[in-house]
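Worksheet: the structure to be examined is printed underneath.
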Amino acid sequence: MFSWGSGSRAHPGWPARVGPLQLSAGEIALRPIKLRDGAEWSDLRIRNERTLVPWEPTSDADWAVRHHRGNWPTLYSVLKAEAKRGAVLPFVIEVDGRYVGQLTIGSIQRGAVRSAWIGYWVDDAWTGRGIATAAVALGVDHAFGPVGLHRLEATVQPANAASRAVLEHIGFRHEGLLQRYMDVDGRWRDHDLFALTTEEIMHTTAVENLVRAGRARFR
Ligand code: ACO
18 MFSWGSGSRA
28 HPGWPARVGP
38 LQLSAGEIAL
48 RPIKLRDGAE
58 WSDLRIRNER
68 TLVPWEPTSD
78 ADWAVRHHRG
88 NWPTLYSVLK
98 AEAKRGAVLP
108 FVIEVDGRYV
118 GQLTIGSIQR
128 GAVRSAWIGY
138 WVDDAWTGRG
148 IATAAVALGV
158 DHAFGPVGLH
168 RLEATVQPAN
178 AASRAVLEHI
188 GFRHEGLLQR
198 YMDVDGRWRD
208 HDLFALTTEE
218 IMHTTAVENL
228 VRAGRARFR
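The sequence shown begins at 18 in our numbering and counts up by one.
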């Protein structure tokens, strides 16, 4: 079984370790980002430039400069502060304790909306083994469980077939096309809006659905 971890009253479900879940690739878990992740973050982001750039927000800064390990402490501090005030959950995706990507739940809104977006990336050396799908399932159950959210959204470019497949495996619904939604790789790009609410997985969990579908195992 996996554990939900603990959390504060101001930010339920954070900080927390989520998982593990077993795949043939190894044991998948989510854990909060750490200050000492700088070297791995920089190495993976620079190595994956070609696969990440088509889907990530445009930036004027050179990719390698932007992802120099020296920039991690500032990024980490910003994310940690946002996490502390309950606006974001920045997780590292681990396989057998190794940093292979990140999953973020962001723009968390409370009150009557109780909604957020979910985003993720996985090192090219580890793709195609169900890792993002397992990580998103863990993230969804954590968001709908301890964090107390009701709705998750994901925006994906129509051409991003792998990411669409991940969302469809979990049961995200296609809600529509957001035209010229985000400035990505130098142009305003349309994005498909996918969403999931608690009612859609009410009597089960995203992880249990994956296990039932034979895509993962409990440890
Ligand atoms: N056409 C159709 N399906 C595809 C294609 C393709 N070209 N490429 C991969 N797939 C399928 C795979 O077959 C797999 O489905 P299957 O399990 O039924 O075979 C699925 O896409 C991928 O599932 P996972 O293995 O769980 O995902 P993976 O660990 O490979 O990670 C991810 C997918 C995160 C999209 C990775 O490729 C990546 O990091 N890409 C670059 C960054 C990115 O696009 N991030 C998502 C942005 S959108 C968002 O965050 C909401």
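Think of the CB as a built atom: it goes at the ideal place given N, C-alpha and C, for glycine as much as any other residue.
Item	Value
C-alpha gap between Arg127 and Leu166, whole angstroms	8 Å
Pro90 classed as buried or exposed, judged by whether at least 16 other C-beta atoms fall within 10 angstroms	exposed
Pro71 versus Phe211, Glu192, Ala179, Met219, residue with shortest Cα-Cα distance	Ala179
Outcome for Ala223 when other beta-carbon atoms lying within 10 angstroms are tallied against a minimum of 16	buried
Nearest-angstrom beta carbon gap, Gln39 and Arg234 [assumed within contact, 8 Å]	4 Å
Pairwise C-alpha distance: Ala212 and Asn226	17 Å
For Thr172, the first and last residue of its enclosing alpha helix (DSSP H)	Taken as a continuous stretch (DSSP letters only), Thr172 belongs to no alpha helix (DSSP H), being part of the beta strand (DSSP E) at 168-173.
Simplified DSSP assignment, three categories, for Asp207	strand
beta-carbon Ile148 near the ligand ACO non-hydrogen atom, thresh 7 Å	yes
When Asp200, Val183, Val164 are compared against Val35, the one with the closest alpha-carbon	Val164
Any non-hydrogen atom of the ligand ACO within 7 Å of Tyr116 CB	no
Beta-ladder partner(s) of Val109, from DSSP	Arg48, Gln119
According to DSSP, residues forming a beta bridge with Ser132	Gln126, Arg168
Cross-strand partners of Met199 (DSSP beta bridge)	Arg206
Proximity to Met219 [Cα-Cα], best of Val95, Ala182, Thr144, Val157	Val157
Length of the line joining the Cα atoms of Arg131 and Pro32	18 Å
For Val173 and Trp205, the rounded distance between their alpha carbons	13 Å
Beta-ladder partner(s) of Trp138, from DSSP	Gln119
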